[in-house]
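Data first, discussion second: the structure below is written as structure tokens.
Quick look at the structure:
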């Protein structure tokens, strides 16, 4: 297949997605308003210094011309209100739209114009991909025709993300992006009493983002010196290595569908202590594979973390259960094959030019 992917070329999820289809022998070209990550092949669309609700529609003429030359079998757009809209405006069919979470779980609450934009894209898409049941339900509630909506987790590389022979007791790991929605200040506030009371614990923070400098300053003010470390952005193999060693995985996200970071932690054996969200409960339940705490509640995070550290037998059982769950439901190779089959079906139905 010739696949035209419209997505932010700077983020790891785009690179993983496109990497799958390129490895499978498909011709995939990527168009993005954002600069591509180093070593990732993508074509930059016009990106004037304007608000996003203007920048993406204004890129449509250039994209339309590029797609006319490429003549893809399928347009594959990621994140509904920007690249999904751009895919609609480009006028090429069939169009697949992949929701990423906050686009359907958070943005509809920002007003009727945002909801109308989302509805317009979802009703026109030939395929709507969601990585969780709650995200699929949100797509249907916003007008996506039910038969076109498919809930398929992207999954993780189970050969890469797996437990290590030895684990570091007391290693607490955060891998979320440094943006407001992931609420790392709550992680710091929740972890601080544990670090103060237990000399054998330490917090390691992976990732980066717009808040990185402020978060590092906050950590210096609130956490014991020498007991925390910021790693920056990690390559997948480095991330897998840290998760394989970590005792606990921490996330205080305020919104999530299926979190790939959570699945990576489950696959590698880091016990999740995560916010009590519907997307997380699809994978772990409090008292079984994880300890959950209410969104924004640092004191509850502390209690949940101590419950894991104080019960190693429970933690060992949780690790085994979580590994089984991802093997059964989150094998990236198997799940991406399902998505590839949906793409092939759409591509086969495309009217051929000149036919």
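Numbering (this note's numbering), first residue to last: 248 to 602.
Ideal Cβ placement from N, Cα and C applies to all residues, glycine included.
Please read all numbers here as calculations on a predicted model, not as lab measurements.
Asked                                                                                                                : Found
Opposing strand residues paired with residue 435 [DSSP bridges]                                                      : None, per the DSSP bridge assignment.
Closest Cα partner of residue 341 within the set 352, 370, 356, 366                                                  : 370
Contact under 7 Å by Cβ, residue 331 with residue 277                                                                : no
Contact belief for residue 506 with residue 428 at Cβ below 8 Å, rounded distance in angstroms                       : Actually they do not touch by this definition, with Cβ atoms about 11 Å apart.
Length of the line joining the Cα atoms of residue 364 and residue 494                                               : 43 Å
Three-state secondary structure (DSSP) of residue 326                                                                : coil
The alpha helix (DSSP H) enclosing residue 426, as first and last residue numbers                                    : Careful: residue 426 lies outside any alpha helix (DSSP H) and carries neither H nor E.
Through-space distance from residue 347 to residue 426, alpha-carbon basis                                           : 15 Å
Cβ neighbours of residue 484 in the same chain (closer than 8 Å, five flanking residues each side left out)          : 407
Beta-carbon proximity check, residue 309 vs residue 293, cutoff 7 Å                                                  : yes
6 Å CB neighbourhood of residue 334 in its chain, flanking five on each side removed                                 : 253, 322, 324, 342
The region 567–578 contacting the region 516–534, beta-carbon criterion three pairs below 8 Å                        : yes
Own chain partners of residue 385 with C-beta closer than 7 Å, once the 5 adjacent residues on each side are dropped : 351, 352
Residue burial classification, residue 358 (beta-carbon count within 10 angstroms, cutoff 16)                        : exposed
Cβ neighbour criterion (16 or more within 10 Å) applied to residue 301                                               : exposed
Residues near residue 602 by beta carbon distance below 7 Å, same chain, minus five either side                      : With a pLDDT of only 44 at residue 602, under the threshold of 50, the placement of this residue in the model should not be trusted; the figure read from the coordinates follows. Answer for residue 602: no residue qualifies.
Anticipated Cβ contact below 8 Å, residue 496 with residue 512, distance rounded                                     : 4 Å
Presumed contact (8 Å Cβ cut-off) between residue 547 and residue 541, rounded CB distance                           : 6 Å
Proximity winner among 500, 473, 528, 249, relative to residue 434 (alpha-carbon distances)                          : 500
Secondary structure of residue 575, DSSP reduced to three states                                                     : helix
Per-residue DSSP class, three states only, for residue 477                                                           : strand
Alpha carbon of residue 275 to alpha carbon of residue 338, nearest angstrom                                         : 18 Å
Residue 397 - DSSP class collapsed to helix/strand/coil                                                              : strand
For residue 299 and residue 458, the rounded distance between their alpha carbons                                    : 20 Å
Rounded separation between residue 373 and residue 593 - CA only                                                     : 8 Å
Selection from 449, 460, 381 that minimises the alpha carbon distance to residue 528                                 : 381
Beta-carbon gap between residue 538 and residue 415 smaller than 7 Å                                                 : no
Cβ pair residue 395, residue 375 closer than 7 Å                                                                     : yes
Cβ neighbour criterion (16 or more within 10 Å) applied to residue 596                                               : exposed
Proximity below 7 Å, CB of residue 520 to CB of residue 552                                                          : yes
Coil, strand or helix - residue 461 by DSSP                                                                          : helix
Ranges of the alpha helix (DSSP H) found wholly within the region 472–520, counting only runs of at least 4          : 483–492, 507–515
Contact belief for residue 562 with residue 555 at Cβ below 8 Å, rounded distance in angstroms                       : 5 Å
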